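Quick notes on the structure that follows.
Protein chains: 2
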Amino acid sequence: MPIIQSVDRALRILDLFDEYESELKITDISARMNLHKSTVHSLLKTLQHYNYIEQNIENGKYKLGMKLFERGNFVIHNLDIRSVAKKHLMELSMKTGNTIHLVILDGKEGVYIDKVEGSAATILYSRIGRRIPVHCSAVGKALVAFKSQEELAAILKDYEYISQTPKTITNEEDFLTELNNVRKEGFAVDNQENEAGVSCISVPIRDHSEHVIAAISMSQPVHRINKKAVKEIAEMLKATAENISRELGFGVKASSI
Amino acid sequence: MPIIQSVDRALRILDLFDEYESELKITDISARMNLHKSTVHSLLKTLQHYNYIEQNIENGKYKLGMKLFERGNFVIHNLDIRSVAKKHLMELSMKTGNTIHLVILDGKEGVYIDKVEGSAATILYSRIGRRIPVHCSAVGKALVAFKSQEELAAILKDYEYISQTPKTITNEEDFLTELNNVRKEGFAVDNQENEAGVSCISVPIRDHSEHVIAAISMSQPVHRINKKAVKEIAEMLKATAENISRELGFGVKASSI
DNA sequence: AACGGAGTTTGATAATATAAAACGAAAAGG
DNA sequence: CCTTTTCGTTTTATATTATCAAACTCCGTT
Numbered sequence: 001m002p003i004i005q006s007v008d009r010a011l012r013i014l015d016l017f018d019e020y021e022s023e024l025k026i027t028d029i030s031a032r033m034n035l036h037k038s039t040v041h042s043l044l045k046t047l048q049h050y051n052y053i054e055q056n057i058e059n060g061k062y063k064l065g066m067k068l069f070e071r072g073n074f075v076i077h078n079l080d081i082r083s084v085a086k087k088h089l090m091e092l093s094m095k096t097g098n099t100i101h102l103v104i105l106d107g108k109e110g111v112y113i114d115k116v117e118g119s120a121a122t123i124l125y126s127r128i129g130r131r132i133p134v135h136c137s138a139v140g141k142a143l144v145a146f147k148s149q150e151e152l153a154a155i156l157k158d159y160e161y162i163s164q165t166p167k168t169i170t171n172e173e174d175f176l177t178e179l180n181n182v183r184k185e186g187f188a189v190d191n192q193e194n195e196a197g198v199s200c201i202s203v204p205i206r207d208h209s210e211h212v213i214a215a216i217s218m219s220q221p222v223h224r225i226n227k228k229a230v231k232e233i234a235e236m237l238k239a240t241a242e243n244i245s246r247e248l249g250f251g252v253k254a255s256s257i
Numbered sequence: 001m002p003i004i005q006s007v008d009r010a011l012r013i014l015d016l017f018d019e020y021e022s023e024l025k026i027t028d029i030s031a032r033m034n035l036h037k038s039t040v041h042s043l044l045k046t047l048q049h050y051n052y053i054e055q056n057i058e059n060g061k062y063k064l065g066m067k068l069f070e071r072g073n074f075v076i077h078n079l080d081i082r083s084v085a086k087k088h089l090m091e092l093s094m095k096t097g098n099t100i101h102l103v104i105l106d107g108k109e110g111v112y113i114d115k116v117e118g119s120a121a122t123i124l125y126s127r128i129g130r131r132i133p134v135h136c137s138a139v140g141k142a143l144v145a146f147k148s149q150e151e152l153a154a155i156l157k158d159y160e161y162i163s164q165t166p167k168t169i170t171n172e173e174d175f176l177t178e179l180n181n182v183r184k185e186g187f188a189v190d191n192q193e194n195e196a197g198v199s200c201i202s203v204p205i206r207d208h209s210e211h212v213i214a215a216i217s218m219s220q221p222v223h224r225i226n227k228k229a230v231k232e233i234a235e236m237l238k239a240t241a242e243n244i245s246r247e248l249g250f251g252v253k254a255s256s257i
């Protein structure tokens, strides 16, 4: 049995704070743990030494310390989207035979940070590192649609709606209407707005802060697309995005209260 | 000496992950800790049992676990606004002689959760627990102005712009324009829109997630208010709000990287 | 096939975590 | 106002258990 008792006990003590009260007396802890208060005292002092525990100087009670918050931020910070997303994207690509892209927003453009090639031959030219405007791509729309008014305003200030195909959206009013629709539907579509003959569907990925931090997309030759297909693809993308988001901390809440 | 060695060692191991690499091999850890790898193994397994550590199944390396993030959220969640804000509000009240309010958003209304009476007699009726509409109060405007489009839309859906005074804003268009102005200026004003003869200035408080979670306000009889006074009050409120926000974790980042 | 490097398991012994009792201080209660 | 209880802390002895070393397994490499 490789479990070390004193460490185990220390960690169980930390658990107590969100199972019961956020501030606990030594006496309560020792009762709950079936340990002598002197033992609990030593454990608490050790935890306190590393700021996992703080003592309320007014009433002597103990509570969880700020170190946990710092450490928690560190964990989240080091969860990188690309490696977390990889296996999910591969799964989706295997299932559908299509190429899946992973894109983040950098300034006013999307940047492809990963792609998983499907078995079906793709007509789409894509390359990791390639940049793509937000106004004429599904991923771009998905990336900006859920921004706050302030952030969106900053992105659209002096934005140049360069026309890529006859279908490209070329003014702010139409683009804002389009983004409204993305918010309503939960997914974005590019209907030959970037490349003639290619349609693309994208959904956002969110992290622990609930902000959209990336988008995934699936591209199709336009002749293979119809209303039903769009809906199906969007659902699959949503499911995949949800799994990735969850693994990135989306929806993870404090364990109680 | 109340420090328990094995717990101390376990916690020092956790520290290693943000001092060096975010993924470490047992061998590296044992070298860094001057402990046998079998000892480290036991410690890691104990930490892993509580999800403080996760093992990368691909390469056997260990990294910090999600429990730290959950626990960190819990810590932040339990930092309650009211007690953190108290001393700052008292300071500001002492300095200005005015009554300061602390308000949070609950559904479509603000709720007064604390007030600090100033020495100057207040004409304003207020009470902790009292609710106030968002469309006719400075605090209400400050609370909703920085919401995302989605959240704001949810609040304003079927919103009733009940008129409290002749100056009350009574339609969505004007209210949205007003919120734009709040975002631009960084503070909100209520110019006799809720109570005749009373003007109120408010600024938002943000927490670690950078979301607005509360607002503080100062009320004045309208005859004591002019452009210069508004600016001065807004600056003082902003400074106070900034201090409270910081203490609530706003701007606190992961301990390294 | 043998080697080196990884993580894991086992078992003996020496280190140390635990509990009991005593202490001091503060709150509760008559 | 003094007593009593209740709290956190300190001390010390003994028995638990954390530690180390060695052996083991499972890779990938030579």
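First to last, the sequence lines map onto chains A and B. Here the UniProt record's numbering is used: position 30 in the first sequence is 30, and no number is missing along the way. Here the UniProt record's numbering is used: position 224 in the second sequence is 224, and no number is missing along the way. Every residue gets a Cβ at the ideal spot worked out from N, C-alpha and C, and that includes glycine. Note that the structure is a prediction, hence the values are computed from the model and not measured.
Excluding five sequence positions before and after isoleucine 225 of chain A, the CB atoms of its chain that fall closer than 7 Å to its own CB belong to Ser199, given in chain order. Contact between histidine 88 of chain A and asparagine 243 of chain A is confirmed by a C-beta separation of about 5 Å, below the 8 Å threshold. Lysine 147 of chain B counts as buried, since at least 16 other C-beta atoms from the protein chains shown sit within 10 angstroms of its C-beta. Comparing alpha-carbon positions, the option among B/Lys61, B/Ala145, B/Ile57, B/Val212 lying closest to leucine 248 of chain B turns out to be B/Val212. Judged by DSSP secondary structure, arginine 131 of chain B falls outside any alpha helix (DSSP H) and instead within the beta strand (DSSP E) spanning 131 to 133.
Under the three-state reduction of DSSP, glutamate 195 of chain A is assigned to coil, being neither helix nor strand. Note on histidine 101 of chain B: 16 or more other CB atoms within 10 angstroms of its CB, so buried under the neighbour-count rule. Counting only runs of 3 or more residues that sit fully inside the region 86 to 117 of chain A, the beta strand (DSSP E) segments are 100 to 106, 109 to 116, in chain order. Among the residues facing chain A, methionine 33 of chain B is not included, as its CB has no counterpart in that chain under 9 Å away.
In the DSSP assignment, isoleucine 53 of chain B falls within the unbroken beta strand (DSSP E) covering 53 to 55. Residue-level contact by beta carbon holds for leucine 68 of chain A and chain B, with a gap shorter than 9 Å.
At a C-beta separation below 7 Å, isoleucine 244 of chain A has no neighbours in chain B, since its nearest C-beta there lies roughly 15 Å away. Within the same chain, and ignoring the five residues on either side of glutamine 164 of chain A in sequence, the residues whose Cβ sits closer than 6 Å to its Cβ are Cys136, Asn194. For phenylalanine 17 of chain B, the closest alpha carbon among the candidates B/Leu35, B/Leu44, B/Pro2, B/Ile3 is that of B/Leu44.
The DSSP assignment places 188 to 191 as complete runs of the beta strand (DSSP E) inside the region 144 to 193 of chain A, in order along the chain (cut-off: 3 residues). Contacts between histidine 41 of chain A and chain B, judged by CB atoms closer than 9 Å, involve Pro2 in chain order. Cβ-Cβ distances below 7 Å link lysine 37 of chain B to Ile26, Thr27, Ser30 in the same chain, with the five nearest sequence neighbours on each side left out; the list follows chain order. Residue contact with chain A for valine 198 of chain B: absent (no Cβ-Cβ distance below 9 Å to any residue of chain A).
In terms of beta-carbon proximity, glycine 65 of chain B lines the interface with chain A, with at least one pair separated by less than 9 Å. At least one CB of chain B lies nearer than 9 Å to the CB of asparagine 78 of chain A. Proximity of asparagine 59 of chain A to chain B, defined by a Cβ-Cβ separation below 9 Å, is not satisfied. In this structure, the CA atom of isoleucine 201 of chain B is about 18 Å from the CA atom of aspartate 174 of chain B. In this structure, valine 139 of chain A places its C-beta atom within 9 Å of the C-beta atom of alanine 215 of chain A.
Residue environment: glutamine 5 of chain B is assigned as exposed (fewer than 16 neighbouring CB atoms within 10 Å of its CB, all protein chains considered).
For serine 209 of chain A, the three-state secondary structure derived from DSSP is coil. In this chain, the beta strand (DSSP E) harbouring leucine 64 of chain B covers 62 to 64. Only residues of its own chain outside the window of five on either side were considered, and among them Ile104, Arg131 have a CB closer than 6 Å to the CB of valine 111 of chain A, listed in chain order. Under the three-state reduction of DSSP, isoleucine 244 of chain A is assigned to helix. Just so you know, the alpha carbons of glutamate 232 of chain A and alanine 239 of chain A end up roughly 11 Å apart.
Here DSSP, grouped into helix, strand and coil, assigns isoleucine 29 of chain A to helix. Between serine 22 of chain A and chain B, the shortest Cβ-Cβ separation is below 9 Å.
Spatial neighbours of leucine 156 of chain A in its own chain (CB-CB distance under 7 Å, excluding positions within 5 residues in sequence) are listed in chain order as Glu172. Contact with chain B is found for alanine 10 of chain A, since one of that chain's Cβ atoms lies less than 9 Å from the residue's Cβ.
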